[in-house]
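Protein sequence lines correspond, in order, to chains A, B, C, D and E. Terminal number for the first sequence in my numbering: 1465, no gaps in between. Terminal number for the second sequence in my numbering: 498, no gaps in between. Terminal number for the third sequence in my numbering: 1584, no gaps in between. Terminal number for the fourth sequence in my numbering: 371, no gaps in between. Terminal number for the fifth sequence in my numbering: 296, no gaps in between. Idealized CB from N, CA, C, for every residue including glycine.
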Amino acid sequence: FSESETTPTGDTGGDGSDGGSGVADDTLDFPAGRPPTDVQFNRYSLGNYAHTLQDQLFEQVARGYADGSVRPDLLEEMTVDGRTLTLKFPKNFKWWNGDDLTAEDYFVGLEIDRLQQPEKSTIESNELVDDYTIERTFKNAVAPNLMKADVAETFVNTPRSVYKEYLTKLQDAADQGERDAVTEELLNLKITTQQLIDEGLGNGLYQVTGFNSSETKLKKFEDHPYADRTDIPKARIIPETAADVDSLAVNNKVDMNPDVLMSKSQRGSYPENLQNVYRLNWFRTQKFTFNFKNEHLAKLPVRRAIAHAVDLESMVAAMRQAGTVGKPPKKQTALRSTIHDKYLGSDFVDKLIDYPTSKDVEGATALMEEAGYTKKNGNWVDPDGKQFTFNVLTSNENIQVQATKVFNDQLNSFGLQTKISTVSSSDYYQRLQTYQADIFWIWHVAKALWHPTAYFSNNFYGIEVGDPSSGDAGPTGKPFTTTIPSEVGAKEVQGGGTEIQPAKLMNELPSSESKKEVKENTRKLVQWFNYALPDLVFVEEDSGYWGDVEDFSMPAEGDQELNTNRPGQFSFKNGWISSK
Amino acid sequence: MSNPESDTFDLQNLYDESSDHEPESRKVRLKRAIDLNALAPARVASDDWRALLGGAILAVFVLMGTVGVALVDKPTSGDAPVLAAPFQALAYPFGTDVFGQPIHAQLIHATPGIFKMIFAGAVVSVGFAAVVGVLSGFKHGERIDTILMTFTDVVITIPGLPLIIVITAIFQPENPYLVGVFLGIDNWPGLARTVRSQVLSIREESYVEASEIMGIPLSTILRRDILSQLMPYVMINGAITSRRIIFESVGLYFLGILPFTTFNWGVMMNLAYEGNALTRPEMLHWMVFPMLCIFLLSFSLVLLSQGLDSLFNVRLRARHANTTKKDASHTSQSD
Amino acid sequence: MNSTLDTETGTDDAARDESEVVFEVRDLEVTFGTNRGESKVVRDVDLDIHRNETLGIVGESGSGKSMLSSTLLNAVVDPGETSGEVTYYPPDGGDPISVLDLSESELKEFRWEEVAMVFQGAMSSFNPVKRVRGHFSETLEDHNRDVDAGMDRARGILEDLYLDPDRVLNAYPYELSGGMKQRALIALGLVLEPEVLVMDEPTAALDLLMQRSIISLLRDLKEEYDLTIIFITHDLPLLTKLADRLAVMYAFDIVEVGDTEEILYHAAHPYTRMLLQATPDLNVPVEEMRSVEGNKPDPVIRIPGCSYHPRCPMADESCTQAEPPMVMRSPGHRTACFYHDDVDEAMPLRSDGEGRR
Amino acid sequence: MSSDSSVVSVDDVSVHFTNNGGLLDLFSENETVRAVDGISLDIGENDVVALIGESGCGKSTLGKAIIGAERPTSGTVTFRGQDIWEARDERDPEIPFSEIRRSLQIIHQDPGSALNPNQRLLTSLMLPMKKWYPDLSRERRKEPILALLEKVGLSPAEDFVNRFPHQLSGGEQQRVVLVRSLLSNPDLILADEAISALDVSLRVEMMDLMLELQELFGTSYLFISHDLSNARYLAEKAGGRIAVMYLGRIVEVGPIEQVIENPQHPYTKALKWATPNLYGDEGEEELPVREIDIPDPVDRPSGCHFHPRCPKAREICRTRDPDLITTDDGHGARCYRADESHEYWDSQSIVDDEGELR
Amino acid sequence: MTVSFGLYQAMPGGPTEAMKSVILSQSGSTGMDIDRLNTLIQLYTNVNPDQPVHVQYLNYVRDVVLYQDLGRSFFKNEKVTTLILQRLPWSMFISLYAFALGYSLSIILGVLTAYKEKSRFDSGVSSVVIALNSIPYYIVGVVLIYFLAIEQSYFPVGGRIGSGVPVGYNPDFMISLVKHAALPAISMGVLATSAALSMRGNAIRILGEDYVRVAQLRGLRDTRIATQYLGHNAILPMYTQFMIGIAGVFSSAVIVEEVFSYPGMGLLMFEAVKTQDYPLLMGTLIVFTAISLTAIFVADLTYSLIDPRISVDES
Ligand SMILES: Nc1ncnc2c1ncn2[C@@H]1O[C@H](COP(=O)(O)OP(=O)(O)OP(=O)(O)O)[C@@H](O)[C@H]1O
Ligand SMILES: Nc1ncnc2c1ncn2[C@@H]1O[C@H](COP(=O)(O)OP(=O)(O)OP(=O)(O)O)[C@@H](O)[C@H]1O
Ligand SMILES: NC(=[NH2+])NCCC[C@H](N)C(=O)O
Ligand SMILES: [Mg+2]
Ligand SMILES: [Mg+2]
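Right, here's the structure in full:
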């Protein structure tokens, strides 16, 4: 068995194997990610990069907060001057191997990213001004906050000791072919967890000391500037795939779940010492995308009828059973309601068309009839008297199934025939890319930014319309040019209406030069979304974290600024969690 | 001294000598046929608790899949309160799931699909096995036998479950018949080999040789002498195969490898399991009842496969038949 | 030791009072419960077996010969119930052993050490996956005998049976021909030097030549090893070449017992006579052979009166009423027939006619 | 005997079995069993030939070759002058193969396995009727079956006909098999140990029945047995012949009385010795063979196959293989001793006084 | 192997498409530019779709046969052989564990129930075995998890060793190892219990054989009869099935390891299915096939050891 389990030299001391369990021990146990034996730490290698573990093991440069701002995390300062963003690094951070952490460690990564495809990159140059300063210049003018957002949620995970040689090679490369060769080399470079330990290639507050397929052992890195903040000497990350988190929690074997809220249904079975610590209005929503290539879904009244016919409340109720915490959106705007005020204003929002969040069969019927559909034997038939069936596609992950199932049942009971296909997630993404169905369940994943650009992204996690230079309609048949009523909230186009180009607008939104422009464009897009219903958003999920509040003191609202992505991990990495 | 014409004449003579037989009436014959082929098996079955119990359970499921589907409405979300506990209300005796769908209705509406799957799978694997086995057994020693057996051996070496998983993962079949076919493909080789060896040993029986010497056409020999002997064996294996198909299909649904479109016990278990039914007592029934169904259906099949043995046994059947003379068994040889 | 004479039942024969009795069988019954009712496959049998004799038991198939013989080792197959008495008298005046009352472990000792049995199905009496040698050595081992000495003895016996000991011992059973297997089995039966050897149709599956050869060998063995042999067959001619005494079974009971000569020439039971007449014989003109008519009896249905009466040409009213008792016809020759005195007339034997001898 | 006066005649027929072990047994040598080795025999109308010999000597194989159920490796088998296998393979034979098939029937040793256990007797018996009398109605076909069953003593036939084989006793099963073989009105029936499985007391009855039916149908029998006295009973009653087989060859053949009374071949003598009689033949107790066991049929002794066991063997028997020496009216033996002037008599004996090999 | 390659070709969308969806579904909330992704994937997978199929096939076969090279996993960017070698011992461990547990018990029970045919013990054990045979093994796994791991915490619910246990040859580690493997092994072992029924059937048949009766008549010891006569001969007809059964038990790892989150070959394959990591999928399938081939081969070779009758004549 020797190949598969690596024995760390040094710290193999036996610490008790149960985590929370009432007895205050000195180890913080929490679930995250995949087994450390399965992952590696070169971020350029695609498949098995340790996405989740990096969150705990590397310092983050800057973070986006729920108020829409982007502020330094590791950085001392970030300033914008014209097209240039200046990043100032602190001097007192170290890699676990004792090397100083300098701006170059981050710079190497930035430059590699840029140089892999310099033409396509939005960055003109990155410059290492001195050991602790980087100047980053964009090709085009961009709103300052968006320039900062560009480095938000990025990690110092490219130690110069490892990556500098690749940067040099890229710099020396004469053409794209040679650059691709370097990229390929990078793709095949692997940094195993063992190597991470041996060479000390991390820089977070907690350092990896050992691992096996069912845990990653962490010890406080005493040379870290925050080392004095916390009294927790050790932590352990239990891979989510190696153990059933729910049963760990029920048996009180974990102390925290860093970016998951405990749902009502879980509350019942979890021990009392585990409590939700912090709740966050998160940036992710879920939606159903309509494929306009289906002749019926291409008709606005039909889409609207669907919006009336389904009961968002009960869809969300079903999801809550599966552990989701969230609520249906009040308005179909594509944006989280938390940023409505900031970008739309309540007047604007109030004017928008109201789609019911609970079932409105009459409304739906009226809409169907308006479009010339009639009901026959309880099922709707089209104006030609033909029956039709929508293919609904979803992934077989639990949450997705829950929502789609209810959605589907409600369409059926309304008289719209559907055939639901629940496929494994990889197959689902495959079909999704080619839009092989009429209605799809899909996340609406915004970057960790509470900013309209994150919601109006023209890709399939956003509101994909397609590449506007490619024809008159995108992959889902959504037109590149369409007309909406001139008046906000009007249900029909009267008069000439306003012609808009949603795809183009979405693509241009990130380079809006002023707040005002951002707001204007956002309102246009929101009005389009609200009027045309290209997608139907059905839940706004919440995030946060729960933990063992008996044994540990964990920061909650007010204690620290936590209104950012993965608040539990953020607290942990900042040394804000201590034992009681 | 003898020629074909006088042969019939000879037999005719015999007949004339003792022509006092009354031709049997059609009614008597029919009665006997019914007695032997329907009533006697029933009587045998009623003697064998395994066949009886197995048959009864299976019958319940068949009813569920036919009458039940007609009687009980297709469940949809919101039919009833969410996660109602079992045995509380008549409208949802087994409780409801997180969608508020009554569990019993889901179980019932999943049954036709399961049967379709079993049917397709059993037909494919057992049928294929029988054809290959009989063919190669009957052509023993010829090239076709070698080819078929080599092919069979090759397939035997491919481990069934992983292959099925890979195949279903690739083709993502949604139609229950297709699922059954896919699940059936790994199952036939072992059976084919056994059928072949059975055919080989039946062929050794002198009654087959006698038939050949009597000039009975090969097709008749196959049908009368060989297939009739194999039938019980094939049926028993059909039951065993069916159980296996249930296991595998439900397993693949349970693990989320097969795409699901309609109700299925495995899907229910999958949803419940993914919903952490194990750690949440109020959800447990959502998991337990489909499990119970799987258990009962396969239990009935296992029992049947054991009980069928006696059902197909002519000796037992004859003993339970009414229309043969009572003293028949007295003269039977002890062997 | 002639005290075993049982005057009351008249079962012992005075003519042989010099011989000892090895087995004394009284009121022996073997029954099986079947779904048609109780099946009595040995019925009320009384029999004495003398030391160093060869007793032949004949009778048609299914008449209970095997059942009777297996009671001597208390080895009736499982659902069968044995009742009555089977007493074994060890040589040299040891205490009589009541075989049916032996405990499991006593039985294990008794079997094969005192009485060995060679089976009807010799072909399948060996464990197919064990060499012949293993069968010998395990028998010796489990009876706590000296294995080396025992194996030497086994070699000797095999040689006496015209077998090459090394070849046979090293062979797996499937490598031996039927005749060789049968002889090896006889050797296995003798390896513990038992007093009594019960042989249940040991030759039925063999060729004539082999059968006859084995019979010759058996005669020699019996002398050499001081055996008492009980030999069961339905092949009457063969038996007459070996047996000192014959017992004829019909319908699960012994209907006639006596010295071989006596039976051949003065058979008193109609069934015995029928059997003798139906037996093909090269020396007898074909015209004289007859067949036995009728069906064999069913162990479940008790035939009232003499069980042979449905097939007996001499049967009359009285035969259907009462069961004929065993009567002594001449010393050592007993039979169960009301008309044993008339049988000579009614059913003349071939031997009577022309007196071929 | 000329072949046109005979029903079937075989000429120099050999049947060899080669077991080629198949794919997996590449390394084992092919073994050839000469089950039948150059045998010629004629069977006439109304003839009865009893074939006896030890187990494995090739009786069944020869029998099957004679009725055209086993294709000979070499030699010819003719049915009323028509080569059976040519009839089968040729397009337009003089006598169609199906006619031959009909005329040559078989009764197997084990009546239990000769009837399909899953079919009622009626079904089993109707099959050949359907084949041979396709024009008759079902009822008409049934009539002869019932008549024949009554004839062999299975009465009431209507009842028997509806039974399954296991509901009959062995004797009754064997009679049904006999009836089945007679249904096609055959010219020759191969009775392959047809009575061995029966109880001793039933054998004579069965043989009598066969003979009775022979008279009725004019059928010939090839009666295979390993029991000399049974063979003799049947053959003698029918005035037939007997053939003694040893390791694939007929070593002695002739009218039954002659062979029994005056056996020529040492092997026949041994068989006669081995056939115990109820009465008499006391005294001749010495084994008339030197070895009890039959040699390996795959690797047979040189010269006369019987020489290793023969108490009268001489040097010449070791190397040379005697032909069939016919003495008088059809009685022949494959032994030099049948020829009083043969050089055998000058050859040195290989047997010493104790009967051991010198 | 040919089958594998056939399937490889049958994959919808081909490997690059698969890779893309894998990354799309895994790369976290940051999202990724599709164009960029496409370029990377081209580089990454090194697939040269211009080659005719038969050339690709020959190359694949050559690599597998000559170099034991099963290609590289798309997703893990690691040689498939390495990945498999890491996982294989663990699956071997639990399946042998299961096999030893399941079959030894089945054989013993089979013989015992045959001995005591129709007794209460027999009907009891037989019913239990029939019932066990009616429950899919993965459900047994789930039930075990529920009762032994969640309700009672006797056993861990997943993983192969406990957290906090030092790796090495120490008692804690060994116990943890065994405890973690116990539930998966038991649930795989259920597969083997069907052997008890056939064993019982065989043993009953053997009990009726003359040689067993003769052995009893010979006064042999019961243990000898039970092992050398009954056991040995009853195993014969199912011996090959047994060995194929090993492969079957091993294959069940695909489901069991997923249910117990036990990182072995099965889970590797399962992950490969989920991530459509075709080289890995093919690799695992080939290894599964190789194992069952080996089992059958070993069965063939050893069969003559336990049954002398089939060995080629020595004479
Ligand atoms: N296990 C059994 N259960 C019930 N009845 C049995 C059993 N074994 C034998 N019998 C019956 O017991 C009777 C006597 O059988 P037994 O074996 O003693 O006959 P046999 O004289 O030895 O016959 P054979 O000459 O055929 O060996 C037969 O009627 C048989 O059907
Ligand atoms: N189909 C076959 N394949 C190979 N060998 C065979 C085949 N049939 C018979 N033999 C061999 O041919 C030889 C003669 O067999 P055959 O059956 O003719 O003997 P037999 O005299 O009828 O014996 P028995 O008295 O036992 O029936 C035997 O050695 C036998 O093993
Ligand atoms: N970018 C994606 N692939 N998102 C899909 C998965 C979303 C991910 N699990 C998350 O919550 O962040
Ligand atoms: Mg017997
Ligand atoms: Mg034969």
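Which residue from D1543(C), D1525(C), G1283(C) and P1526(C) puts its Cα closest to that of G1532(C)? Among D1543(C), D1525(C), G1283(C) and P1526(C), the Cα nearest to that of G1532(C) belongs to D1543(C).
State yes or no: is the beta carbon of L128(D) nearer than 8 Å to at least one beta carbon in chain B? It does; some Cβ of chain B falls within 8 Å.
Tell me whether L1295(C) sits in a helix, a strand or coil according to DSSP, three-state version. It is helical.
What does the alpha-carbon distance come out to for the pair G304(B) and I277(B)? So the two alpha carbons sit approximately 40 Å from each other.
Within 8 Å of chain B by C-beta, residues of the segment 1300 to 1324 of chain A in sequence order: The residues in question are K1304, I1305, S1306, T1307, V1308, S1309 and D1312.
So, V1313(C) versus D1427(C), is the Cβ gap smaller than 8 Å? Taking 8 Å as the cut-off, the Cβ atoms of V1313(C) and D1427(C) do not count as close.
Output, in chain order, the set of chain D residues within a Cβ distance shorter than 7 Å of Y369(B). The sequence shown places Ser at residue 369(B), not Tyr. What S369(B) touches in chain D: H121, D123, S126 and A127.
Check the Cβ of S1355(A) against every Cβ in chain E and list those closer than 7 Å, keeping chain order. Contact annotation for S1355(A) against chain E: no contact, minimum CB-CB distance about 13 Å [criterion: below 7 Å].
Please state whether DSSP places A1134(A) in a helix, a strand or coil. In this structure, A1134(A) counts as helix in the three-state DSSP scheme.
Cβ shell of L311(B) (< 6 Å), same chain only, five flanking positions each side left out: Shown here for L311(B): same chain residues with a beta carbon closer than 6 Å to its own, the five before and five after excluded, namely V295 and S299 in chain order.
For D1311(C), report the span of its beta strand (DSSP E) as first-last. One detail in the question is off: residue 1311(C) reads as Gly in this sequence, not Asp. Taken as a continuous stretch (DSSP letters only), the beta strand (DSSP E) holding G1311(C) covers E1308 to Y1315.
Verify the CB distance criterion: does L162(D) have a CB-CB separation below 8 Å to chain C? With 8 Å as the cut-off, L162(D) does not count as an interface residue toward chain C.
Less than 8 Å between CB atoms is the rule here; does T281(D) satisfy it with respect to chain C? Taking a beta-carbon distance threshold of 8 Å, T281(D) does not count as an interface residue toward chain C.
For A1302(C), which residues in chain E fall below 8 Å Cβ to Cβ? Chain E residues near A1302(C): R194, Q197 and L198.
Out of curiosity, what's the CA-to-CA distance linking R1446(C) and I1284(C)? Rounded to the nearest angstrom, the gap between the Cα atoms of R1446(C) and I1284(C) is 16 Å.
If you run the structure through DSSP and keep just helix, strand and coil, what is A1120(A)? Three-state DSSP puts A1120(A) in a strand.
Would A100(D) count as contacting chain B if we go by Cβ distances under 8 Å? By this cut-off, A100(D) is not an interface position.
Any beta-carbon of chain C closer than 8 Å to the one on Q209(E)? At a cut-off of 8 Å between beta carbons, Q209(E) contacts chain C.
Stretch-stretch touch, CB-based, cutoff 8 Å, three pairs: the segment 1298 to 1306 of chain A with the segment 418 to 436 of chain B: Yes, since at least three Cβ pairs between the segment 1298 to 1306 of chain A and the segment 418 to 436 of chain B fall closer than 8 Å, the two stretches touch.
What residues of chain D sit near Q361(B), judged by a beta carbon separation below 7 Å? Simply none; closest approach about 14 Å.
Check each residue's C-beta against every heavy atom of ligand 2 and list, in chain order, those closer than 5 Å. Taking every residue with its beta carbon within less than 5 Å of a heavy atom belonging to ligand 2 gives, in chain order, F30(D), V46(D), A48(D), S68(D), G69(D), C70(D), G71(D), K72(D), S73(D), T74(D) and P310(D).
Per the contact definition of three or more C-beta pairs closer than 8 Å, is the segment 1136 to 1145 of chain A in contact with the segment 1421 to 1435 of chain A? Yes, the segment 1421 to 1435 of chain A is in contact with the segment 1136 to 1145 of chain A.
Please indicate yes or no: does the CB of H179(D) lie closer than 7 Å to some heavy atom of ligand 1? It does not: the Cβ of H179(D) is nowhere closer than 7 Å to a heavy atom of ligand 1.
Please work out which residues of its chain come closer than 6 Å, Cβ to Cβ, to P352(B), disregarding the five sequence neighbours upstream and downstream, and give them in chain order. Result list for P352(B): T315, V318 and I319, in chain order.
Between the beta-carbon of I202(D) and the beta-carbon of Y234(D), is there less than 8 Å? The answer is yes: Cβ separation under 8 Å.
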